[in-house]
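Okay, structure first, notes after.
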Amino acid sequence: MSSNDWTIRADRISKKFGLTLRQSMKYGLKDSLRTLAGRKVDTNSLRAGEFWAVHNVSFELKRGESLGLMGVNGSGKTTLLRILNGVYAPDTGEVTMRGRVGALIAAGAGFAPMLTGRENIYVNGALLGMSAKEIGRQMDEIIAFSELGSFIDMPVKNYSSGMFVRLGFAIAAMSKPDILLVDEVLAVGDLNFQKKCYDYLHRLKTNGTSIILVSHSVGAIWAICERGIFMHEGQAKLLSNAEDVIRAYDDQNSCSALEAAIKEYDHNLEFSEAFGLPKRDAFQKRAVVTMSCPTLRVLASDGAEERTEFGFEETFVIEAVIDVLTEIAFPLFRLTVDAVHYKFFAKTDSFDQFDHLRPIKPGQYRLRAKILDQNFRPGTYRINLSVCLNHQSRSEFYWLGSKAILIRHPRDRFLYADPNAVMHLESDFVLSSQE
Amino acid sequence: MGRNENNKVPVRVYKAGGSAGGIFSSLRMAGEEVWQSRYIIWRLFARDFIGQFRQKVLGIFWVFISPLLGIASFVFMNLTGILNPGKVEIPYPVFVFFGMTLWGIMIGTLTTVSGGLLAQTDLVMRTNIPKIALAVTGLAHVIYGILINLIVLLIITTSFRVIPSWGALLYPFMILPLVILGIGIGLILAVIGAVARDITGMVTTAMGLAMYVTPVLYTAEFENPLIQAIVNYNPLTYLVDVTRKVFFLGNFQGLTAYLMASGCCLVILLLGIHSFYLIKDKVAERL
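Residue numbers (this note's numbering), protein chains in the order written: chain Y, 1 to 435; chain H, 1001 to 1287.
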């Protein structure tokens, strides 16, 4: 706070919106007329049907510092960015921006479809606060950066969205702003151009530009930003270093995936009920007439508490109640694990855990399996229980039920990876000189 | 950063409760913001202007044709005897073209300014250009339209062998109150219309009715005393009628009323700017 080096200072800013168009119109008119009549409008509290899109967010950004804004869709990132860009006036608090603000949310703003790319550079450049002289000076550089080549003299209405973004980014980048607000626009460009953009962001940063980057790409945030804000339901839940923010964001994402998984499961159950399909076997075309699983739970390692969230490398227990209807000769119970992108990437079953197959008689049983030393990476997983009924000639697997669980990020380690990775390998890294 | 030669760092503050102050601070801000954004206003005008003509077959000729088509129906009605304009000193087509031009300037300004923000929604949402600059961007078009109309007017007057008086030189100043009025109402509508869309349409329709109690298509003399009273109390009457008389006859009769009406326009402009600044922060979230 002491130094005079800050470029952005946000002090407890909030912004509220009406949920429905009708309501926001009513309040808007009311507020407008009140203001016109010279009366104060109270913006500090919510009225019926309003919510905080951004609530009490404070932060400070220094020159050459980058801040990543992460959060699931609808968490208030764009609204916050718009407040910083002066589009929305905050309902509470105050923002001060020092220096020329370039906004990549404005990339391509004001492009006229009938004008050529070159002509649009003048328009967009002016909107970003560049003078005609400045634009003229930078023209060649802008065109070179955009890599549009001879397309620059083509009307932009024939441009693809990627070309739009290329040109937009090139102009915004060359305007050499003191503060750059970047919304998730770069995702449109091809990989090569994206890389170029991030390189350029780095260069701007080294030259003292403060950057606020909104992105869902963990890699982008981690590469550009040293600090970040994790936003959830309008609030800055966490203002910390990039790693912490990424962890919080990733966990939140897993949480949403878990919720969705549970909902989908319930929905499927409802669906099967509505259409008279056999319960719980909705996913399996063939009903298991010999066995059913009325309850399936995931428990903490002590085997008592039911949970859906587990820590990284934490042991958990699967518990199932099984009704056996007819005697089964050699039942084999199998657990399989699905990740978001992969089905069936891990399995364990009673046979390979040295349980000898033996016949079971009709009745109710309780099956417990303790999963030891699991090394799933943070994320959402679905555990499926199935049974193999060994017949003389073939073995058939029947799905009995499934449960979704969430593995959280460990507090003490940063396990960043592409979402493609699901398993974690514990390893010993040694880097030694070969000279 | 090396780029900032004059070392002046612009500072922007956005805070709750907005920037609203008294009427004079609104005026000052309007002046400053428009001045600072003059280059942007010019660029946006050039953009719209060029873009517009690239899409039209007749190109630049369109601007000459459209005002002529505008008066055709009234001239036709006059020829068939449906429309009796009263005693006019100049040929009716010239009379009606002049009246329609003045009226068009006012309505054109009003609709351009009031629709300015809506037309630039994209820029309002994505850039931090002062909103007043976006609202008045269209004015460049209005000025352009005035010039074109003037040329068409000269062509018409010459073809009817009407010689304007020396008062025609005052034309640019005489139409100023109409432009000011248009901007004033337009600014109020720009912000209120952004919150509730139908209000702009309502006002524009109402203004269309007002044309019939203003001597645009006919003179200001009526037999019905009620209508006569309305016309007499309508400030627009003087803005149109006196301007026309000065232009063609060099006759300054009614100048006091004209100046009073101009004063009204100025007050409306001030109110317009002030209400614009009071409500403009509400605009972005309603667009």
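The beta carbon of each residue, even a glycine, is placed where N, CA and C say it ideally should be. In this text the structure is predicted, and so the values were computed from the model without any measurement.
Using 8 Å as the limit for Cβ to Cβ distance, is D31 (chain Y) near chain H?
Mapped onto the first sequence, residue 31 (chain Y) falls at position 31. Judged by the 8 Å Cβ criterion, D31 (chain Y) is in contact with chain H.
Find the residues of chain H that neighbour D91 (chain Y), judging by a C-beta separation of less than 7 Å, and give them in chain order.
Working through the first sequence from its first residue, we reach residue 91 (chain Y) at position 91. The CB of D91 (chain Y) comes closer than 7 Å to the CB of A1016 in chain H, given here in chain order.
According to DSSP, residues forming a beta bridge with A388 (chain Y):
Counting from one through the first sequence, the residue named residue 388 (chain Y) turns up at place 388. Reading off the sequence, residue 388 (chain Y) comes out as Cys, not Ala. In the DSSP output, where bridge partners are listed per residue, C388 (chain Y) has Y:L332, Y:F397.
Closer than 7 Å, Cβ to Cβ, to anything on chain Y: give me those residues from the segment 1270-1281 of chain H, in chain order.
S1275, L1278, I1279, D1281
Leaving aside the five residues before and after L1181 (chain H) along the sequence, list all residues of the same chain whose C-beta is less than 7 Å from its C-beta, in chain order.
Against the second sequence, residue 1181 (chain H) aligns to sequence position 181. Excluding residues within five positions, the ones whose Cβ falls inside 7 Å are M1106, C1265, I1268.
Option in H:L1154, H:G1254, H:L1044, H:L1083 with minimal Cα separation from V1136 (chain H)
Here residue 1136 (chain H) refers to the residue found at position 136 when the second sequence is read from its first residue. Comparing C-alpha distances from V1136 (chain H) to each of H:L1154, H:G1254, H:L1044, H:L1083 shows the shortest one belongs to H:L1044.
Compute the beta-carbon to beta-carbon distance between I328 (chain Y) and T290 (chain Y), rounded to the nearest angstrom, for a pair I have assumed lies under 8 Å.
In the first sequence, residue 328 (chain Y) corresponds to position 328, counting from 1. In the first sequence, residue 290 (chain Y) corresponds to position 290, counting from 1. Right, their Cβ atoms sit about 6 Å apart.
Over what stretch of residues does the beta strand (DSSP E) that includes V54 (chain Y) continue unbroken?
For the purposes of this step, residue 54 (chain Y) is taken as the residue at position 54 of the first sequence. Run containing V54 (chain Y): 50-62, per the beta strand (DSSP E) assignment.
Look at the Cβ atom of T315 (chain Y), then the Cβ atom of L372 (chain Y), and state whether they are nearer than 8 Å.
Taking the first residue of the first sequence as position 1, residue 315 (chain Y) is located at position 315. Taking the first residue of the first sequence as position 1, residue 372 (chain Y) is located at position 372. Closer than 8 Å, so yes.
Can a CB atom of chain Y be found closer than 8 Å to the CB of P1295 (chain H)?
Coverage of chain H is limited to positions 1001 through 1287, which leaves residue 1295 (chain H) absent and any answer about it impossible.
Count the other CB atoms, across all protein chains shown, that sit within 10 Å of the CB of K69 (chain Y); report buried if there are 16 or more and exposed otherwise.
As a position in the first sequence, residue 69 (chain Y) is number 69, starting the count at 1. It should be pointed out that residue 69 (chain Y) corresponds to Leu in this sequence rather than to Lys. Buried, because 16 or more other Cβ atoms sit within 10 Å of the Cβ of L69 (chain Y).
Answer with yes or no whether the minimum CB distance from Y122 (chain Y) to chain H is below 8 Å.
Here the question's residue 122 (chain Y) lines up with position 122 in the first sequence. For Y122 (chain Y), the answer is yes, since a Cβ of chain H falls inside 8 Å of its Cβ.
Taking C-beta to C-beta, are M163 (chain Y) and Q138 (chain Y) nearer than 8 Å?
Counting from one through the first sequence, the residue named residue 163 (chain Y) turns up at place 163. Counting from one through the first sequence, the residue named residue 138 (chain Y) turns up at place 138. No, the Cβ-Cβ distance between M163 (chain Y) and Q138 (chain Y) is not below 8 Å.
Counting C-beta neighbours from all protein chains within 10 Å, is the total for D399 (chain Y) 16 or more, i.e. buried, or is it exposed?
Here residue 399 (chain Y) refers to the residue found at position 399 of the first sequence. The sequence shown places Trp at residue 399 (chain Y), rather than the Asp named in the question. W399 (chain Y) is buried by the Cβ-count criterion.
Helix, strand or coil for N241 (chain Y)? Go by DSSP, reduced to three states.
Start at 1 with the first residue of the first sequence, and residue 241 (chain Y) comes out as number 241. In this structure, N241 (chain Y) counts as strand in the three-state DSSP scheme.
Using only the alpha-carbon positions, how far apart do D1198 (chain H) and D42 (chain Y) sit?
Position 198 of the second sequence, counted from the start, is the residue given in the question as residue 1198 (chain H). Position 42 of the first sequence, counted from the start, is the residue given in the question as residue 42 (chain Y). Cα-Cα distance, rounded: 26 Å.
What residue ranges within the segment 164-191 of chain Y form continuous beta strand (DSSP E) runs of no fewer than 3 residues, ordered along the chain?
179-182
Using 8 Å as the Cβ pair cut-off and three pairs as the minimum, do the segment 53-66 of chain Y and the segment 224-232 of chain Y touch?
yes
So R1038 (chain H) and A109 (chain Y) are in contact, right, with Cβ under 8 Å, and what is the actual spacing, rounded?
Residue numbering aside, residue 1038 (chain H) sits at position 38 when the second sequence is read from its first letter. Residue numbering aside, residue 109 (chain Y) sits at position 109 when the first sequence is read from its first letter. With a Cβ gap of about 19 Å, R1038 (chain H) and A109 (chain Y) do not count as contacting.
Taking the runs of the alpha helix (DSSP H) that are 4 residues or longer, which of them lie wholly in the segment 117-168 of chain Y?
Counting only runs of 4 or more, we get 117-127, 132-146.
Since L84 (chain Y) contacts I212 (chain Y) with CB under 8 Å, what's their CB separation in whole angstroms?
The sequence position of residue 84 (chain Y) within the first sequence is 84, counting from 1. The sequence position of residue 212 (chain Y) within the first sequence is 212, counting from 1. Contact check for L84 (chain Y) and I212 (chain Y): beta-carbon distance about 7 Å, within the 8 Å limit, so the pair qualifies.
How big is the Cα-Cα spacing for V1113 (chain H) and S1165 (chain H)?
By 1-based counting over the second sequence, the position of residue 1113 (chain H) is 113. By 1-based counting over the second sequence, the position of residue 1165 (chain H) is 165. About 32 Å.
Any beta carbon of chain H sitting closer than 8 Å to that of E309 (chain Y)?
Translated into the one-based positions of the first sequence, residue 309 (chain Y) becomes position 309. So no, E309 (chain Y) is outside the interface.
Please state whether the Cβ-Cβ distance between I954 (chain H) and V1162 (chain H) is less than 8 Å.
The first residue shown for chain H is 1001 and the last is 1287, placing residue 954 (chain H) beyond what the model contains.
I179 (chain Y) vs V95 (chain Y) beta-carbon contact at 8 Å
By one-based count along the first sequence, residue 179 (chain Y) stands at place 179. By one-based count along the first sequence, residue 95 (chain Y) stands at place 95. In this structure, V95 (chain Y) does not lie closer than 8 Å to I179 (chain Y) by Cβ.
State the Cα-Cα distance for the pair Y342 (chain Y) and G401 (chain Y), rounded to the nearest angstrom.
As a working mapping, residue 342 (chain Y) is identified with position 342 in the first sequence. As a working mapping, residue 401 (chain Y) is identified with position 401 in the first sequence. Rounded to the nearest angstrom, the two C-alpha atoms are 18 Å apart.
Just how far apart, CA to CA, sit D281 (chain Y) and E305 (chain Y)?
Against the first sequence, residue 281 (chain Y) aligns to sequence position 281. Against the first sequence, residue 305 (chain Y) aligns to sequence position 305. Because the pLDDT at D281 (chain Y) is just 44, under 50, the model does not fix this residue reliably, and the value given afterwards should be weighed accordingly. Near 27 Å, if we compare the C-alpha coordinates of E305 (chain Y) and D281 (chain Y).
Short check: CB of I152 (chain Y) to CB of I171 (chain Y), under 8 Å?
Within the first sequence, numbered from 1, the residue matching residue 152 (chain Y) stands at position 152. Within the first sequence, numbered from 1, the residue matching residue 171 (chain Y) stands at position 171. Cβ atoms of I152 (chain Y) and I171 (chain Y): not closer than 8 Å.
What are the residues in the segment 359-385 of chain Y lying within 7 Å of chain H by C-beta distance?
none
Residue span of the beta strand (DSSP E) that contains M364 (chain Y), given as start and end:
Within the first sequence, residue 364 (chain Y) is the residue found at index 364, counting from 1. Rather than Met, the amino acid found at residue 364 (chain Y) in this sequence is Gln. From DSSP, the beta strand (DSSP E) with Q364 (chain Y) extends over 363-371.
Closer than 7 Å at the beta carbon, the chain Y residues around T1256 (chain H):
Walking along the second sequence from the start, residue 1256 (chain H) turns up at place 256. In chain order: nothing, as chain Y lies at least about 32 Å away.
Euclidean distance between Cα positions of L1079 (chain H) and K1087 (chain H)
Taking the second sequence and counting its residues from 1, the one referred to as residue 1079 (chain H) is at position 79. Taking the second sequence and counting its residues from 1, the one referred to as residue 1087 (chain H) is at position 87. Their Cα atoms are separated by approximately 15 Å.
Could you pull out every residue in the same chain whose Cβ sits closer than 6 Å to the Cβ of L431 (chain Y), ignoring the five residues on either side in sequence?
The count along the first sequence starts at 1 and reaches residue 431 (chain Y) at position 431. Correct list: empty, nothing qualifies.
Sort Y:I407, Y:L332, Y:S210 by Cα distance to I8 (chain Y) and report the nearest one.
Reading the first sequence from its first residue, position 8 is the one you call residue 8 (chain Y). Looking at the Cα atoms, Y:S210 is the closest of the given residues.
Since A10 (chain Y) is in the beta strand (DSSP E), which residue starts that stretch and which ends it?
Stepping through the first sequence from its first residue, residue 10 (chain Y) is reached at position 10. Where A10 (chain Y) is concerned, the enclosing beta strand (DSSP E) stretches over 6-18.
Throw me the rounded Cβ distance for the A404 (chain Y) and L258 (chain Y) pair, which I believe falls under 8 Å.
Residue mapping note: residue 404 (chain Y) aligns to position 404 of the first sequence, counting from 1. Residue mapping note: residue 258 (chain Y) aligns to position 258 of the first sequence, counting from 1. About 5 Å separates the two Cβ atoms, so the contact holds.
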